[in-house]
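Report on the following structure.
2 protein chains.
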Amino acid sequence: MAVTIKDIAIKSGVSLATVSRVLNDSGYVKDETREKIVQAIEELNYTPSAIARSLSRKQTNVIGVIVPDINNPHFGELIKGITKVADNANLNMILCDTDESGEKEIKALKLLQEQRIEGIIISPTSNENDSSREYLDTLKNLGIPIVLLDGDVKNSNFSGVFLDNIKGSYEGVNVLINEGHKKIAIITGRINSKPAKDRLEGYKKALQKNKIEVKDEYIFYGDYREDSGYELTKKIIKLKDKPTAIFLSNNMMTLGCIRALNEAKIKVPRDISIMAFDKLQILMSLGMNISFISAPTLEMGKSAMKLLLESLKSKNKAQVKRIVLSPELLLNGSEKLV
Amino acid sequence: MAVTIKDIAIKSGVSLATVSRVLNDSGYVKDETREKIVQAIEELNYTPSAIARSLSRKQTNVIGVIVPDINNPHFGELIKGITKVADNANLNMILCDTDESGEKEIKALKLLQEQRIEGIIISPTSNENDSSREYLDTLKNLGIPIVLLDGDVKNSNFSGVFLDNIKGSYEGVNVLINEGHKKIAIITGRINSKPAKDRLEGYKKALQKNKIEVKDEYIFYGDYREDSGYELTKKIIKLKDKPTAIFLSNNMMTLGCIRALNEAKIKVPRDISIMAFDKLQILMSLGMNISFISAPTLEMGKSAMKLLLESLKSKNKAQVKRIVLSPELLLNGSEKLV
DNA sequence: ATGAAAGCGCTAACAT
DNA sequence: ATGTTAGCGCTTTCAT
Numbered sequence: 326m327a328v329t330i331k332d333i334a335i336k337s338g339v340s341l342a343t344v345s346r347v348l349n350d351s352g353y354v355k356d357e358t359r360e361k362i363v364q365a366i367e368e369l370n371y372t373p374s375a376i377a378r379s380l381s382r383k384q385t386n387v388i389g390v391i392v393p394d395i396n397n398p399h400f401g402e403l404i405k406g407i408t409k410v411a412d413n414a415n416l417n418m419i420l421c422d423t424d425e426s427g428e429k430e431i432k433a434l435k436l437l438q439e440q441r442i443e444g445i446i447i448s449p450t451s452n453e454n455d456s457s458r459e460y461l462d463t464l465k466n467l468g469i470p471i472v473l474l475d476g477d478v479k480n481s482n483f484s485g486v487f488l489d490n491i492k493g494s495y496e497g498v499n500v501l502i503n504e505g506h507k508k509i510a511i512i513t514g515r516i517n518s519k520p521a522k523d524r525l526e527g528y529k530k531a532l533q534k535n536k537i538e539v540k541d542e543y544i545f546y547g548d549y550r551e552d553s554g555y556e557l558t559k560k561i562i563k564l565k566d567k568p569t570a571i572f573l574s575n576n577m578m579t580l581g582c583i584r585a586l587n588e589a590k591i592k593v594p595r596d597i598s599i600m601a602f603d604k605l606q607i608l609m610s611l612g613m614n615i616s617f618i619s620a621p622t623l624e625m626g627k628s629a630m631k632l633l634l635e636s637l638k639s640k641n642k643a644q645v646k647r648i649v650l651s652p653e654l655l656l657n658g659s660e661k662l663v
Numbered sequence: 326m327a328v329t330i331k332d333i334a335i336k337s338g339v340s341l342a343t344v345s346r347v348l349n350d351s352g353y354v355k356d357e358t359r360e361k362i363v364q365a366i367e368e369l370n371y372t373p374s375a376i377a378r379s380l381s382r383k384q385t386n387v388i389g390v391i392v393p394d395i396n397n398p399h400f401g402e403l404i405k406g407i408t409k410v411a412d413n414a415n416l417n418m419i420l421c422d423t424d425e426s427g428e429k430e431i432k433a434l435k436l437l438q439e440q441r442i443e444g445i446i447i448s449p450t451s452n453e454n455d456s457s458r459e460y461l462d463t464l465k466n467l468g469i470p471i472v473l474l475d476g477d478v479k480n481s482n483f484s485g486v487f488l489d490n491i492k493g494s495y496e497g498v499n500v501l502i503n504e505g506h507k508k509i510a511i512i513t514g515r516i517n518s519k520p521a522k523d524r525l526e527g528y529k530k531a532l533q534k535n536k537i538e539v540k541d542e543y544i545f546y547g548d549y550r551e552d553s554g555y556e557l558t559k560k561i562i563k564l565k566d567k568p569t570a571i572f573l574s575n576n577m578m579t580l581g582c583i584r585a586l587n588e589a590k591i592k593v594p595r596d597i598s599i600m601a602f603d604k605l606q607i608l609m610s611l612g613m614n615i616s617f618i619s620a621p622t623l624e625m626g627k628s629a630m631k632l633l634l635e636s637l638k639s640k641n642k643a644q645v646k647r648i649v650l651s652p653e654l655l656l657n658g659s660e661k662l663v
């Protein structure tokens with residue numbers, strides 16, 4: 326169907342090898358013949374087949390990226406960072422959205438393996454998904470470089486770029502405490518997500534450090550989606566012993582929380598205070614004074630891709646490297662105790 | 326390096342063909358041999374190479390999707406819709422973000438062609454990018470089905486799913502007029518974008534219909550990004566003859582507009598009214614009463630993928646089909662003239 | 001400077 | 001029910 330290298334060879338009266346040479350700028354080709362070939366390529370509108378090339382070269386120049394939710398600006402930014410570095414390295418990318426589902430994560434991994442990608446950057450949905458971890462291990466043993474981004478995987482030893490989540494929520498909760506809050510609720514992610522776990526830990530640590538009792542009634546497990554933030558906030562504001570502040574473990578749940586508060590006509594920080602993980606640019610644009618614990622997402626994406634690039638270059642024997650970046654505190658007033 | 330079908334064949338003492346048969350569930354294989362093979366596959370941890378398979382089958386089972394900005398929730402939703410249908414059809418997807426750049430659009434098209442994708446869904450950045458259109462034409466002539474989504478391409482005749490943009494902004498502006506507004510500014514997209522053009526046209530139509538003069542000083546061209554909405558709004562509120570309402574042609578610019586208004590302490594709709602294209606779920610979550618002209622994005626994505634599926638099935642001779650969906654008016658109060 | 005030919009991993013006739 | 005073999009489109013060694 327499509328035009329092949331053979332057609333070009335015939336049309337320009339040379340061999341396949343010579344065409345391949347001009348295609349790849351390799352070896353010697355007389356200027357005259359090169360021109361003939363280039364012309365034939367243009368006339369026949371030839372485009373090389375990456376498929377055939379990959380098979381022959383035994384390399385695809387494609388990497389795989391797996392994230393739980395493309396529509397979440399947090400991952401959007403990570404992806405932007407990855408893309409920037411990947412583009413420069415002339416690597417193409419297959420992007421997989423797992424929709425926060427472990428099952429789809431496995432599917433994505435399988436897809437990527439079948440496509441013979443050179444390496445993988447993954448932001449795992451959960452860190453206790455055993456089948457997912459096993460698959461990652463298998464891939465690693467097959468010599469495929471894996472770089473974790475933003476989420477860890479239990480009992481594993483992959484390179485990766487992470488955020489110091491414990492530190493982040495510790496500091497965030499500390500700010501609340503310093504403002505005078507003693508009753509602080511937390512909406513964290515699924516218990517099997519490492520970042521969620523760490524963010525909860527930082528929360529507890531801050532309370533303990535300040536000799537404030539950690540109350541189970543104040544700990545709520547969401548699923549990182551907006552709706553769970555909404556529902557859990559509704560629960561929180563119905564609590565008999567209502568907290569004076571809510572600590573939120575991710576951006577989407579923060580949105581849900583704000584929606585619930587709005588509906589209940591509860592004003593921040595007049596009626597309740599808020600401290601939230603993951604900056605929401607939009608809220609800041611809107612002049613909503615929510616205080617954030619913000620991750621350097623673009624930077625994280627870039628770092629992850631650079632790590633992958635290193636592994637790709639040094640082939641098999643790249644060492645495991647784990648980079649931990651610190652979040653930044655953006656105080657805008659929502660943490661105040663009025 | 327990797328395990329191949331040959332290794333499986335050897336290990337289980339059969340021929341390549343037989344292994345291929347169990348892999349593809351085609352032809353007859355004795356249960357006994359099948360088991361041997363399946364076992365070998367598991368033991369050696371074999372995963373077929375999509376590359377080799379594609380080359381041999383002359384089909385990749387991959388489609389390409391090109392959008393101007395993954396991080397824009399509008400396109401995020403379109404992609405979700407596409408993905409849903411594509412998943413069901415067992416088609417994989419290469420997603421390309423052009424960053425609103427015509428150049429990157431061409432690059433993406435080339436990449437997709439090299440990857441021998443089966444079809445393309447594209448949301449074009451501009452409709453006057455001649456090289457882009459030419460490339461699309463070439464691909465179409467090569468027998469690759471093209472489906473436009475949400476944006477048209479000048480002088481072309483591709484299938485596609487579109488929004489009735491003229492109708493949308495006509496109705497939106499009409500609402501403003503009915504509220505009593507006479508001085509209505511518009512921030513539209515780049516002049517070479519079809520949707521932007523149509524949205525401007527609907528705006529003009531509504532004014533003319535109501536015998537309101539169309540004033541050039543009230544027409545502003547942005548680039549669909551937040552910053553341009555911000556900058557242009559700042560200009561608008563400095564106008565001597567300040568408009569009482571602003572009509573916005575997309576979601577990102579609306580954000581910028583709101584940011585500018587916030588900074589200037591201008592309240593909506595008390596001081597100025599707003600009507601905006603593209604629903605921003607976030608604003609609604611936040612209880613901000615902005616009125617929208619909203620596109621059925623998920624539906625549009627699905628429709629586009631279904632269209633592509635049809636073309637894929639009927640091979641070469643699918644006819645051009647253009648689906649136009651109507652936007653929905655979501656009135657929340659920001660259109661009021663106070 | 002160019003060509004011949006083997007091979008990348010798989011599929012799909014065709015044979016047996 | 002299974003095997004043989006000729007490609008798929010390209011790269012790359014080895015000749016010439």
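Those protein sequences? They're chains A and B, same order as listed. 326 is the number of the first residue of the first sequence in this note's numbering; add one for each residue after it. 326 is the number of the first residue of the second sequence in this note's numbering; add one for each residue after it. Where a beta carbon is used, it is the ideal one built from N, C-alpha and C, also for glycine.
Classification of residue i by the beta-carbon crowding that lies within 10 angstroms, buried from 16 upward
i	result
Lys435 of chain A	exposed
Asn466 of chain A	exposed
Asp541 of chain A	exposed
Ser351 of chain B	exposed
Asp394 of chain B	buried
Gly389 of chain A	buried
Leu437 of chain B	buried
Asn482 of chain A	exposed
Glu367 of chain B	exposed
Val478 of chain B	buried
Tyr495 of chain B	buried
Ser379 of chain A	buried
Gln440 of chain B	buried
Leu655 of chain B	exposed
Chain-order list of residues whose beta-carbon lies under 8 Å from that of residue i (same chain, five-residue window excluded)
i	result
Leu502 of chain B	Contrary to the premise, residue 502 of chain B reads as Ile rather than Leu in this sequence. Around Ile502 of chain B: Ile509, Ala531, Leu532, Asn535 and Ile537.
Asp552 of chain B	Gly581
Ile491 of chain B	Asp523, Arg524, Glu526, Gly527 and Lys530
Ser448 of chain A	Ile391, Val392, Pro393, Phe400, Leu403, Leu473, Leu474, Asp475 and Gly476
Ile419 of chain B	Val387, Ile388, Gly389, Val390, Leu436, Leu437, Gln440 and Ile442
Chain-ordered neighbours of residue i on chain A, where CB pairs are closer than 9 Å
i	result
Pro621 of chain B	Neighbours of Pro621 of chain B on chain A: none; closest Cβ ~16 Å, over 9 Å.
Ile583 of chain B	Ser610, Leu611 and Gly612
Where residue i meets chain A, residues with beta-carbon distance less than 7 Å
i	result
Leu380 of chain B	Ile376, Ala377 and Leu380
Asn587 of chain B	Leu611 and Gly612
Pro373 of chain B	Glu439
Pro398 of chain B	Asn396
Asn417 of chain B	Leu436
Gly401 of chain B	Ile395 and Asn396
Leu580 of chain B	Ile607 and Ser610
Coarse secondary structure for residue i, derived from DSSP in three states
i	result
Ala570 of chain A	strand
Ser639 of chain A	coil
Thr513 of chain A	strand
Ile618 of chain A	strand
Leu488 of chain A	strand
Partners in chain B for residue i, counting only beta-carbon separations shorter than 8 Å
i	result
Thr385 of chain A	Ile376
Glu551 of chain A	Ser610
Ala629 of chain A	In chain order: nothing, as chain B lies at least about 17 Å away.
Thr408 of chain A	Asp422
Contacts that residue i makes with chain A (C-beta to C-beta distance below 8 Å)
i	result
Asn370 of chain B	Thr463 and Leu467
Ala327 of chain B	Arg441 and Leu467
Ile571 of chain B	Ordered by position in chain A, no residue passes the 8 Å Cβ test against Ile571 of chain B, which lies about 16 Å from the chain.
Contacts that residue i makes with chain B (C-beta to C-beta distance below 9 Å)
i	result
Ile404 of chain A	Ile395, Asn396 and Asp422
Contacting residues, own chain, Cβ-Cβ under 7 Å from residue i (five flanking each side not counted)
i	result
Asn417 of chain B	Asn386 and Val387
His506 of chain B	Thr569, Ala570, Ser598 and Leu662
Heavy atom of the ligand GDP within 8 Å of residue i beta-carbon
i	result
Ala570 of chain B	This structure lacks the ligand GDP; in fact it carries no ligand of any kind.
Residues of its chain near residue i, where Cβ-Cβ distance is below 6 Å and the 5 sequence neighbours each way are ignored
i	result
Ser636 of chain A	Pro470 and Ala643
Val347 of chain B	Val354, Arg359 and Ile362
At 4 residues or longer, and completely inside the region 373-430 of chain A: list those alpha helix (DSSP H) runs for me, N to C. Counting only runs of 4 or more residues that sit fully inside the region 373-430 of chain A, the alpha helix (DSSP H) segments are 375-382 and 398-413, in chain order.
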